[in-house]
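When we follow our numbering, the leftmost residue of the sequence shown carries the number 1, and every step to the right adds one.
Ideal placement from N, C-alpha and C gives every residue a C-beta, glycine not left out.
A short worksheet on the structure shown next.
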Amino acid sequence: MIKIKILNPTKGRNEITFRPLLQNKEVLKNYSIDITDSDSYDFLFVGMHDFLDKKRPLQESIEYGLSNLEKITGDYFLFDGSDSTSLMGSYEVFFNSNAIYLFKNQLLKEREMYLNKYAFNKWFFGNGSDLDLSYDISESTWNRIKLSNINCGRTIFGTGLYPDKISFLQPKINKDIDICAIFQTFHDECRDHGVRNDIPYIKHRKEVWDRLENLENKYKIISKKLPFQEYINKLSRSKVCISPFGQGELCFRDYEAMLAGTMLIRPDQSNVATAPNIFKEGETYIGCKLDWSDLEEKIEYVLDNFKELNEKLNYNIKKKFVEEYTLENFCLHYYNIFNNLESINQE
Numbered sequence: 001m002i003k004i005k006i007l008n009p010t011k012g013r014n015e016i017t018f019r020p021l022l023q024n025k026e027v028l029k030n031y032s033i034d035i036t037d038s039d040s041y042d043f044l045f046v047g048m049h050d051f052l053d054k055k056r057p058l059q060e061s062i063e064y065g066l067s068n069l070e071k072i073t074g075d076y077f078l079f080d081g082s083d084s085t086s087l088m089g090s091y092e093v094f095f096n097s098n099a100i101y102l103f104k105n106q107l108l109k110e111r112e113m114y115l116n117k118y119a120f121n122k123w124f125f126g127n128g129s130d131l132d133l134s135y136d137i138s139e140s141t142w143n144r145i146k147l148s149n150i151n152c153g154r155t156i157f158g159t160g161l162y163p164d165k166i167s168f169l170q171p172k173i174n175k176d177i178d179i180c181a182i183f184q185t186f187h188d189e190c191r192d193h194g195v196r197n198d199i200p201y202i203k204h205r206k207e208v209w210d211r212l213e214n215l216e217n218k219y220k221i222i223s224k225k226l227p228f229q230e231y232i233n234k235l236s237r238s239k240v241c242i243s244p245f246g247q248g249e250l251c252f253r254d255y256e257a258m259l260a261g262t263m264l265i266r267p268d269q270s271n272v273a274t275a276p277n278i279f280k281e282g283e284t285y286i287g288c289k290l291d292w293s294d295l296e297e298k299i300e301y302v303l304d305n306f307k308e309l310n311e312k313l314n315y316n317i318k319k320k321f322v323e324e325y326t327l328e329n330f331c332l333h334y335y336n337i338f339n340n341l342e343s344i345n346q347e
């Protein structure tokens, strides 16, 4: 049995990061993994609350993280529980620490993609900010950066580890709304490491509304914020849901649309690796260009072929949920990671 202790499991972002591990610690024991509160353990899991502070300038955050990790004795892993492929701040700490692995919810598929400078190291934000970052990652270091097998799909409606309990809404036969574009666009001023991150966020999202303005005479479009249950009702009555990126590539809205039987149009994310991954362009969602330049074309394609596409994608989505979002998938992910550690094999 491998004994794992989680450092400060309920503080800040650590709570949602480690929630699936704590919720299923009894099941994990069947896979030789024991989540313990004891000071007698084999490995320590360290969440971003204890090695990353976005309220500080980037270099100060790095120094803060390394200072905290220097106090740890024994083997440990880092968990960056943010929802984007960005390695901002966590990579610097990982590279200069004794951590065995760095876990991420999402990663770019190829390490060479990190050579490009992007605002906050987020490829979908473009560049030209006061905090453009890139990383030249060696192959040996890249091999020590792992997917966490935890993304927002694990917590959607509290069913992310039990696909048999996922409640797919009964799709409306007569969908009377063409496009649902309900999402937050305008954001209060917000900063990461002292640099505003709300500017590229707003720019990316406002572009959708600007383009949809030209289609208001052609389609029935809703974009006004609604109470949650009313929103879900109207989402299920919609043929199409437009879902932009936010501070990360995945969003609860994506899963809500899928569960509601509504066709999802979002920027193509074929360059993103995540686990579990139910996003396959043309099979579970319709991808468009990041700058939305082909949005009208994609909308027309979906609405002109709605019946056929809706049946195909809804079938694929349900199949993917059942295949990917399993408790066994989750437990085996960590079992295999430990099983492949040289120290574990020697023991």
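{"Item": "Range covered by the alpha helix (DSSP H) that runs through Pro65", "Value": "Residue 65 is actually Gly in this sequence, not Pro. Taken as a continuous stretch (DSSP letters only), the alpha helix (DSSP H) holding Gly65 covers Leu58 to Leu69."}
{"Item": "Cutoff 6 angstroms; reference Arg144; Cβ partners in own chain excluding five residues on either side", "Value": "Tyr101"}
{"Item": "Neighbourhood of Glu347 by C-beta distance below 6 angstroms, restricted to the same chain and skipping five residues each side", "Value": "Here the model assigns Glu347 a pLDDT of 49, short of 50, so the residue's position is not dependable and the matter cannot be decided."}
{"Item": "Coil, strand or helix - Pro276 by DSSP", "Value": "coil"}
{"Item": "Beta carbon of Cys152 nearer than 8 angstroms to that of Cys251", "Value": "yes"}
{"Item": "Same chain only: Cβ atoms within 6 angstroms of Asp42, ignoring 5 sequence neighbours per side", "Value": "Ile2 and Lys3"}
{"Item": "Short Cβ contact (8 angstroms threshold) for Ala119 with Leu131", "Value": "yes"}
{"Item": "Counted within 10 angstroms of its Cβ, other Cβ atoms place Asn288 as buried (16 or more) or exposed", "Value": "The identity of residue 288 in the sequence shown is Cys, whereas the question assumes Asn. So Cys288 ends up on the buried side."}
{"Item": "Exposure label - Glu256; buried when at least 16 CB within 10 Å", "Value": "buried"}
{"Item": "Straight-line gap, Asn8 to Thr85 (C-alpha atoms, nearest Å)", "Value": "24 angstroms"}
{"Item": "First through last residue of the beta strand (DSSP E) which encompasses Asp254", "Value": "From DSSP, Asp254 is part of no beta strand (DSSP E) but of the alpha helix (DSSP H) over Phe252 to Leu259."}
{"Item": "Alpha-carbon spacing of Glu281 relative to Asn316, whole angstroms", "Value": "11 angstroms"}
{"Item": "Three-state secondary structure (DSSP) of Phe183", "Value": "coil"}
{"Item": "CA-to-CA distance, Gln184 to Asn341, given in whole angstroms", "Value": "The question names Asn, but residue 341 in the sequence shown is Leu. About 43 angstroms."}
{"Item": "Beta strand (DSSP E) runs contained entirely in the region 182 to 249, provided each spans 3 or more residues", "Value": "238 to 242"}
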